[in-house]
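S.K.: My structure is below; once you've seen it, I'll send some questions.
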Amino acid sequence: MKKVSSITYTIVFIVVVGALGVASFTKLIHYYDTGIIENNEWTVELGSKLETDIATNYYKKSSFVNMNGAIHRFLGQREMNDVVKLENGYLFKTFEYKEDENLQHNVERIIELSNYLDNQGIAFLYVIPPYTSGKYDSQLPEGISDYGNNNLDRFAKMLKDGGVEPLDLRETMHEDGIDHYEMMYKTDHHWTTKAGFYAYTKINEILMQKLECEVEQEVMDYSNYNVTTYPEWHLGSNGQRTGAFFAGIDDFDLILPTFETSISDGSNKGRFEDIVVNQEVLAKKDLASRYTYDSVLWKTLGHFKNNKAENDKKILMVTDSFGRAVNPFLIMSYSELCVGDADYETIRDYKPDAVIILHYINNIMKDDGYDNCARVE
């Protein structure tokens, strides 16, 4: 009887594993044939390309990741799939030390761009956003090292020494007595939509001074927005690697104006909430999607005209996904906002009144991150 049971369990195990293998292999072939892949956070950093492709296309991958994350949490483990859980439960990826000579390359490109824009009479602002581990409260577990804030500190000093005064939002948040972690998602590397509004207010203060212009008071007042909270709706980039149970799921706040707006994106004209944000993805919770932040705000990295602007200023925004939380409010503040590169041709053709650069630490630290900046000709 025991022998029959053993054989039965073995057969069932082989059938289950075989079925998963066939289903995963089918998904892998489909990926190689079409290039279509589910949104995910698996990269070749976790292994060879083949290993990564298999992990990415594994059948019911998210369910297995969730189960794995639950086990890690139960065992009190703080590291999983290249993600570290801070003492307060926030997830993040550590950064290695970046040598000064590597930072200097990007600093020199930014300084050169700043000088070029100054000669053209164009205002320039470089913005340094925070990342998950706070400068003044790192929350690092014992035995874990991270040099992200150290890298950013040296980068900011190099810019200042070169005549470029950056807006370091890590410092303004500290000076304003804001809890760093209230501005960040627990499962994502991004900042929250509320943090995007905060960053906007700091950027806008400087822009209005540099451009000597006014922005509608109603746009700058947070009380003039309706904030809808979607509870446990957002599983961010780090949460996708560790599952929904390792650190939980973030709430997502949708911030929409209560005042009248009129925005154009080149082919459409209408209210801000109809033109700039994608609310369709909020109709049904789907934690298998990459994350709500990008899904709702992806359109903000475009070219918009504000038909109700009190000024005629054009802003060129050079940014990555971090800019998605800031751009909505800049769109409602200035005559035009265009997201693009700070290359010579773009600046010459678009003729912006101001150029803003706002990048996440990953892009700041790229060895050749600013090689496409405008060069003096």
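Residue numbers (the numbering used here): 101 to 477.
Beta carbons: idealized from backbone N, C-alpha and C, even for Gly.
Since we're looking at a predicted model, the values are computed, not measured.
#1: Round the Cβ separation of A442 and V426 to the nearest angstrom and send it over; I've been treating them as touching at under 8 Å.
#2: Report the three-state DSSP secondary structure of L120 (helix, strand or coil).
#3: To which residues of the same chain is N304 closer than 7 Å at the C-beta, ignoring the five residues directly before and after it?
#4: Rounded to the nearest angstrom, what separates T292 and Y285 at their Cα positions?
#5: Do you know whose CA, among G189, K294, H289, lies nearest I278's CA?
#6: Taking the alpha carbon of I355 as the reference point, which residue from P452, K414, Y298 has its own alpha carbon closest?
#7: Select from I171, Y197, G243, Y226 the residue whose C-alpha is nearest the C-alpha of V455.
#8: Is the beta carbon of K413 sitting closer than 7 Å to the one on L311?
#9: Which value, in whole angstroms, describes the spacing of the CA atoms of W221 and K185?
#10: Leaving out five residues on either side along the sequence, give the residues of the same chain with a beta carbon under 7 Å from the beta carbon of Y470.
#11: L395: which of N406, G336, I244 sits nearest, CA to CA?
#12: If you scan the stretch 351-388 from start to end, which runs of the alpha helix (DSSP H) of 4 or more residues do you find wholly inside it?
#13: Is the beta carbon of V376 sitting closer than 7 Å to the one on T400?
#14: By how many angstroms is the C-alpha of G339 removed from the C-alpha of G234?
#15: Would you kindly check if the distance between the Cβ of A409 and the Cβ of S435 is under 7 Å?
#16: Check each candidate in D386, E271, Y444, L191 and name the one with the smallest Cα separation from W333.
M.R.: Result, derived from the coordinates:
#1: Against the sequence shown, residue 442 aligns to sequence position 342. Against the sequence shown, residue 426 aligns to sequence position 326. About 17 Å; that fails the 8 Å criterion.
#2: The residue given as residue 120 occupies position 20 in the sequence shown. Low confidence applies to L120: its pLDDT is 42, below 50, so where it sits in the model is not reliable enough to give any reading.
#3: Position 204 of the sequence shown, counting from 1, holds the residue named residue 304. So the qualifying residues of the chain are V315, M320, S433.
#4: Here residue 292 is taken as the residue at index 192 of the sequence shown, counted from 1. Here residue 285 is taken as the residue at index 185 of the sequence shown, counted from 1. Distance from the CA of T292 to the CA of Y285, rounded to the nearest whole angstrom, comes to 6 Å.
#5: Taking the sequence shown and counting its residues from 1, one reaches residue 278 at position 178. Comparing Cα-Cα distances from I278 to each of G189, K294, H289, the minimum goes to K294.
#6: In the sequence shown, counting from the first residue as 1, residue 355 sits at position 255. Put simply, of P452, K414, Y298 the residue whose alpha carbon is nearest the alpha carbon of I355 is Y298.
#7: Translated into positions along the sequence shown, residue 455 becomes position 355. Closest by alpha carbon: Y226.
#8: Walking along the sequence shown from the start, residue 413 turns up at place 313. Walking along the sequence shown from the start, residue 311 turns up at place 211. The Cβ atoms of K413 and L311 lie closer than 7 Å to each other.
#9: Taking the first residue of the sequence shown as 1, we reach residue 221 at position 121. Taking the first residue of the sequence shown as 1, we reach residue 185 at position 85. The displayed chain sequence assigns Gly, not Trp, to residue 221. Their backbone Cα atoms lie some 46 Å apart in a straight line.
#10: Numbered from 1 along the sequence shown, position 370 holds the residue referred to as residue 470. Taken in chain order, the residues that qualify are N206, R209, I210.
#11: Along the sequence shown, read from residue 1 onward, the residue named residue 395 stands at position 295. The sequence shown places Ser at residue 395, rather than the Leu named in the question. Selection N406, G336, I244 evaluated against S395 yields G336 as nearest (Cα-Cα).
#12: For the stretch 351-388, the continuous alpha helix (DSSP H) assignments of 4+ residues that do not extend past its boundaries occur at 372-375, in sequence order.
#13: The residue given as residue 376 occupies position 276 in the sequence shown. The residue given as residue 400 occupies position 300 in the sequence shown. Judged by their CB atoms, V376 and T400 are nearer to each other than the 7 Å cut-off.
#14: Within the sequence shown, numbered from 1, the residue matching residue 234 stands at position 134. Within the sequence shown, numbered from 1, the residue matching residue 339 stands at position 239. In this model, G234 and G339 are separated by some 19 Å (Cα to Cα).
#15: Residue numbering aside, residue 435 sits at position 335 when the sequence shown is read from its first letter. Residue numbering aside, residue 409 sits at position 309 when the sequence shown is read from its first letter. Going by beta carbons, S435 and A409 fall inside the 7 Å limit.
#16: Mapped onto the sequence shown, residue 333 falls at position 233. The residue with the shortest Cα to Cα distance from W333 is D386.
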